[in-house]
Structure formats: C-alpha cells, structure tokens
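Colleague: I'd like to ask some things about the structure below.
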Amino acid sequence: MLGFQPYETFQLLIETGGVDRTNTLLIAACDAYARRGKPTVPEMEQFETLAARLFPTAGPQARAKGAAILGRAEVLSPALERLVVDNIGEDLIPFLEGAAELSDQTMLDIIARYDVPASATLASRSDLSNVVLAKLFQMNSRKVYRALAANGHITPRGAYLSALARSAQMDHLVAEALGRRDDFDAALLAPAFFDLSDAHRVKVIQAFANRTTPTAPISRTIEQLSVASGELTKALMKLFSENRRPEVTRLLAQITGLDEVRCGQIAHDVTGASLFVILRAFGATAYDGLKVLIHATSHDSERSRALADFATLFGAVSSESMAYLMSAWRGEVNLLELSKPQHQPFTQPSKRTAAIGPAHNPVVEQAIEALAKIGVRRAG
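Quick note, the numbering used here runs 2 ahead of the 1-based positions in the sequence shown.
Listed below in structure tokens is the structure:
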C-alpha cells in the first residue's frame, strides 16, 4: 500500500505484534499517507480501513502523534478527519486553524461537543457553510461570538445581524470587533457606545448622518426644553470652563433621564463624543455646541482637527437622530428598525464615497480658530 508495504503485510503485523508494534505501524502509516500527496480513491479507502484498525489499539501518545502527522496530509476524507480530531489531543486547535478543508460533518461534530475553544477556532474560518454558521450562532459563548464578529468572510445580515447586534450589547470585545468592520452598520452599536474606543464612538455618530430615525421616546422631553437650548449651552460652557464636572453630571441627569453614572461618564468624556450627542439632541448649533466642546475636551495638537470633525457632524446628523441615539442608551428602542429601507442613510457609503471629514466652511473654520484662541488664553 502507498508504495512501501502491501496492505496485507500491515494486517499481518497488526495481528501478530503487540502495542509497541502497533504504535510503530500507526506512525509509519500516517507518515506515509501524509507524504503521498493526493491519494487515489482506492488508496484512501484502504488507508481508512487500516487507520480504523490501528488507532483504537495504539497507545495514547502514539495516537496523538499519528493524528498530528495525519493532520498534515493534503487530502482527508470525513472519516480520517474524525480520526484526527478524536485523537490529536492538544494539537486540535492548530489542526483546525491550518486545515485547508474541513467537512461540515467534522465541524458539526465539534460544535455538538460544545468544545468552546475549538468552536471559536472554527468560527474564524473562511469556509463555513450556512448549516455550520447556524449551529455556531446558536452557541451561548462569548469566545465564539468574538470570532464570528471578527470574521470578515461572514456577511452580517438577517438573523446573523440581529445576533451580532445583541451580542455587542453584552460584550465590548464583540462591539469593538464589529466597529472595525466596514460592512456592519455602526448605528447598531449605539447601546455599546461607552464601551467603544474613541474612534469607534465617532463612527457610531457618523452612522446616523443623512438618515431618518423612528421617533425617539425621549423626544417629548427634549421638545419641552428645546426653547432653552441657548441657556443650556451657556450653562454647560460655564460649568466646563470652571471644571465643575460633578455639577455637569447632575444637570445632565436632570434633563436626559439617564442615570447619574452614565451622566458622569459623559461629563468626564474628554473626547467630546458623548457630549456631542447630548448637545445635538437638544438642538445645539455648531457654533454654540463648539463653544461647549472646546472647554469640555482635551485634544492637544489634535484639537483643531477634532473640533472640525464635530463641526461637520453638527451639520450632518439631525437632532432627531441624536435623540434616538440617546433613547438607545436608555434601552427604549429596537435598533434593528434601523435596518429597514426607510431608515437607511440617504447616500449609501462605498469605496468611492469619501468618509465624513472636517468641514471646509470658512465661517466654521474661523469660529474654530477663534474658540481655540479663547481656550489657549484661558489655559494660559
């Protein structure tokens, strides 16, 4: 068989030799098969029969070594994959990572065992069928969902989209992985906003640009206070300029209905992203909003660029959409409604569509420059 020993000779050696002989034969046979390249169908069938005899009777170390060698073969049938998986021991993860192909049945068997590390490794593969994906998404495992969220070969849509969005609310690593993807609607990460990195918080806000949102439950409260938008920005600017952030926390708690812990996060968020949401939701204009942000944020050399980005966002996102984002923080909305056609962005992003960048409005730029000078003088 396989050019070095006829099959009958192996059978005779198995029957007349002990465990030591079987161990030697198993490793030799697996090595010969792995070196064979692409075997013919009769050769594969012969080896399946032989391996099925050798693996059960060999010792534990020989089984693990033989399986590791066999795992490097160019072609494995589902039966041989099963022998490798069942016997390879600690080398299972490297095998699952490096295998050029794996049958659905092998993957389904691993998932059925609820082997979380192995299943998470499978969730990173590029060759997952819908049957396997469905089983992986049914697993209640953060490791598996983190791998699924980071797998760019999986298109987030339908039930998969819903599952990933829900998982992001419970696991910040899933949220961060989804935030790095261009094919995932970052608006669905709104509930995980405060667990995201600075760049991904801005990405969530940008995802609400040029799109309509369902009416937010908090809108009625905001309408009652909208007439005092100017007074609100003046009060916030004064409190931030005097670094009275605990008082900012109490003021935000009174007007937003968010709990004080969340309002404390907003008051101490030196990036300005969460404060921008509040300001825009309550109808603040770019000029008034920037007057607050320049005192609330700390951008150092990046200050002008960051303020320019926020100036653009004041014009790109509506007050209604930021109110909706606030309601998402309060858990009052079903974000999956944003997947409906009527709530998609007016201009779908593409590789040819530039991302939202700094405003090039001379008036806004002059305002930013003036505000920056005020901030420098105050700091000095």
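No residue lacks a Cβ here, since even glycine has one placed at the ideal position from N, Cα and C. Only a predicted model underlies this, so the values are computations on that prediction, with no experimental measurement involved.
Between the stretch 286-302 and the stretch 330-337, do three or more beta carbon pairs fall short of 8 Å?
Modeller: Touching, no.
Colleague: What are the start and end residues of the alpha helix (DSSP H) that includes residue 59?
Modeller: 43-59
Colleague: By Cβ distance, which residues of its chain are closer than 8 Å to residue 232, with the 5 residues on each side in sequence left out?
Modeller: 290
Colleague: If you measure between the beta carbons of residue 60 and residue 73, is that distance less than 8 Å?
Modeller: Not a contact, by the Cβ cut-off of 8 Å.
Colleague: Look at the Cβ atom of residue 279, then the Cβ atom of residue 324, and state whether they are nearer than 8 Å.
Modeller: The answer is yes: Cβ separation under 8 Å.
Colleague: Does residue 190 come out as helix, strand or coil in the three-state DSSP assignment?
Modeller: helix
Colleague: In whole angstroms, what is the alpha-carbon distance linking residue 359 and residue 207?
Modeller: In this predicted model, residue 359 has a pLDDT of only 44, less than 50, meaning its place in the structure is not dependable; the value taken from the coordinates is given anyway. Residue 359 and residue 207: Cα-Cα distance of roughly 13 Å.
Colleague: Exposed or buried, which one is residue 155 when buried takes at least 16 other CB atoms within 10 Å?
Modeller: Residue 155 is classed as exposed because its beta carbon has fewer than 16 other beta carbons within 10 Å across all chains shown.
Colleague: Can the beta-carbon of residue 383 be found less than 8 Å from the beta-carbon of residue 237?
Modeller: The displayed coordinates of the chain run from 3 to 382. Any statement about residue 383 would go beyond what the structure contains.
Colleague: Let me see if you follow: with CB-CB separation under 8 Å, is residue 274 close to chain D or not?
Modeller: Within the model displayed, chain D is absent; a lone protein chain is all it includes.
Colleague: Quick check on the burial criterion: 16 or more other C-beta atoms within 10 angstroms. Buried or exposed for residue 298?
Modeller: buried
Colleague: Near residue 329, which residues of its chain fall below 7 Å by C-beta distance, leaving aside the five closest residues on each side in sequence?
Modeller: 218, 219, 220 and 335
Colleague: Where residue 78 and residue 29 are concerned, what is the direct C-alpha to C-alpha distance, given to the nearest angstrom?
Modeller: A direct Cα-to-Cα measurement between residue 78 and residue 29 gives close to 16 Å.
Colleague: Which same chain residues, not among the five before or five after residue 224, have their C-beta less than 7 Å away from its C-beta?
Modeller: 283, 284 and 325
Colleague: Could you name the residues of the same chain whose beta carbon sits closer than 7 Å to that of residue 244, not counting the 5 residues immediately before and after it, in chain order?
Modeller: Result list for residue 244: empty, nothing under 7 Å.
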